[in-house]
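Just so we're aligned, residue 0 is where the sequence shown starts under numbering that gives the first Met the number 0, counting upward by one. Beta carbons: idealized from backbone N, C-alpha and C, even for Gly. Below: the structure, in structure tokens.
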Amino acid sequence: MPKLTEAQKQERAQKAQTFDYMSDEAYEEVMSQLDCDCEPYSDVYTLPRWNAQGYMIKKGSKGIKKIVYLKSKEKDAQGNETGRTITRPKATVLFCRCQVKKYQKQ
Ligand SMILES: [Zn+2]
């Protein structure tokens with residue numbers, strides 16, 4: 000993996016905390032599975048998002064299973080965009096702030 004500059008790391012961490020799509024339903028669904036004071040969307044992320052923020056998952060942590068809906072541009076058989084947006088479900092696992100720790104500095 001190429002070494003990132005501090006600015007690139009900052010940008011990546013920032014992006015990892017931004018959501019294109021947020022809903023009260025998703026918030027409640029995640030909230031109902033948390034038994035700590037963590038807040039969905041600000042303390043609960045997927046593994047790649049935690050990694051981008053410089054965190055790793057603590058050993059033995061059990062994540063919250065969640066279906067997320069990914070939006071993408073529909074393409075026709077020739078690979079040209081049709082102008083429509085399609086949504087497809089994807090199963091992900093979420094971890095809250097209690098289940099992660101900062102990467103050790105080398
Ligand atoms: Zn927590």
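The three-state reading of DSSP puts Y102 in coil, since its state is none of H, G, I, E or B. Going by C-alpha positions, Q77 is about 44 Å away from R96.
A distance of 9 Å or more separates the beta carbons of D23 and K70. Distance from the CA atom of S31 to the CA atom of P39, rounded to whole angstroms, is 10 Å. Between K72 and T84 the beta-carbon gap is near 6 Å, inside 8 Å, which marks them as a contact. When secondary structure is reduced to three states using DSSP, Y40 falls in the coil class, being assigned neither helix nor strand. Around Y102, the same chain offers G53, Y54, M55 as residues with beta carbons nearer than 8 Å, after the five sequence neighbours per side are excluded. In the assembly as shown, R87 is an exposed residue. Its beta-carbon has fewer than 16 other beta-carbons within 10 Å.
For the 9 Å CB-CB criterion, G62 and L93 form a contact. Residue list for ligand 1: L33, C35, D36, C37, D42, C95, R96, C97, Q98 (CB closer than 7 Å to any heavy atom, chain order).
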